[in-house]
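Presented below is the structure to which this report refers.
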Amino acid sequence: MIIIQLNKRQEQILQIVKENGPITGEHIADRLNLTRATLRPDLAILTMAGFLDARPRVGYFYTGRSGTQLLTDSLNHLYVRDYQSIPVVVDEGISVYDAIVMMFLEDVGTMFVVDKHALLVGVLSRKDLLRASIGKQELNSIPVNIIMTRMPNITMCSKEDLLIDVAKKLIDKQIDSLPVVKDTEKGYEVIGRITKTNITKAFVALADEGY
-17 MIIIQLNKRQ EQILQIVKEN GPITGEHIAD RLNLTRATLR PDLAILTMAG
33 FLDARPRVGY FYTGRSGTQL LTDSLNHLYV RDYQSIPVVV DEGISVYDAI
83 VMMFLEDVGT MFVVDKHALL VGVLSRKDLL RASIGKQELN SIPVNIIMTR
133 MPNITMCSKE DLLIDVAKKL IDKQIDSLPV VKDTEKGYEV IGRITKTNIT
183 KAFVALADEG Y
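Here's what the structure looks like:
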């Protein structure tokens, strides 16, 4: 658990350890006119959060890591593989009408288009389908490969990518979802998807753990 917003006593403990560390719990308690038992929960929180470290028969010492550094460390341990969801994949030959129906039924904002070898060839967004729906075109006769975003204009990620890096891609490209792909000899195989919702859930979970 990582605590960024510390209470007054925890701030006092940090200051004492910064100025006098390594220092034992007993000596910290004496300086604050508290019992060791009263101080124990605060020391445990500061240690688990990474602000302090402790060594047997030596005492507590300050790690030198700020709240911002601790947050950065935590973000650098969130990977796509732990938060990706199941992708919605369609064949490049299906009609725009069928794609609209599937997007509605699956309740997604992006679908990934694959060829007969199940390899990624395009991305289909709500905006693509909306544009295709405007006018008097016969949607049953238009294949999605006419309106989709094609390679090499597809932004992708792998399951080993950091979630924070994917978040930056989504913001930079102003898109809602990325395909998680596996690079094969023949092309890219879609193995998952990562969305703004996935990332939001990850960050909320991080906050629930102490941020």
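The numbering of the sequence shown is the working numbering, which starts it at -17 and goes up by one.
Built from N, CA and C at the ideal position, the CB exists for glycine as well.
The structure presented is a predicted model; accordingly, all values stated were derived computationally and were not measured.
message: I need the boundaries of the alpha helix (DSSP H) containing L145, first residue and last residue.
response: 145 to 155
field: Other residues of its chain near K168: CB distance less than 8 Å, five sequence neighbours each side excluded
entry: H99, L101
Length of the line joining the Cα atoms of D89 and P69: 12 Å
message: Here's the rule I'm using: 16 or more other beta-carbon atoms within 10 Å means buried, otherwise exposed. How should S123 be labelled?
response: exposed
query: In the structure shown, what three-state DSSP assignment does L28 receive?
result: helix
message: Tell me whether the stretch 83 to 97 and the stretch 159 to 177 touch, counting them as touching only if at least three CB pairs, one residue from each stretch, are closer than 8 Å.
response: yes
query: Under the three-state reduction of DSSP, which class applies to R13: helix, strand or coil?
result: helix
- prompt: Using the beta-carbon count (16 or more within 10 Å), is D110 buried or exposed?
  reply: buried
query: Among residues of its own chain, excluding the 5 on either side of G0, which ones have a beta-carbon nearer than 8 Å to its beta-carbon?
result: A small correction: the amino acid at residue 0 is Lys; Gly does not occupy that position in the sequence shown. Y44.
- request: For my contact list, I(-5) and D35 are in at a C-beta cut-off of 8 Å; report their separation, rounded to the angstrom.
  value: Their Cβ separation, rounded to whole angstroms, is 13 Å, which puts I(-5) and D35 out of contact at 8 Å.
field: DSSP-derived helix/strand/coil call for Y79
entry: helix
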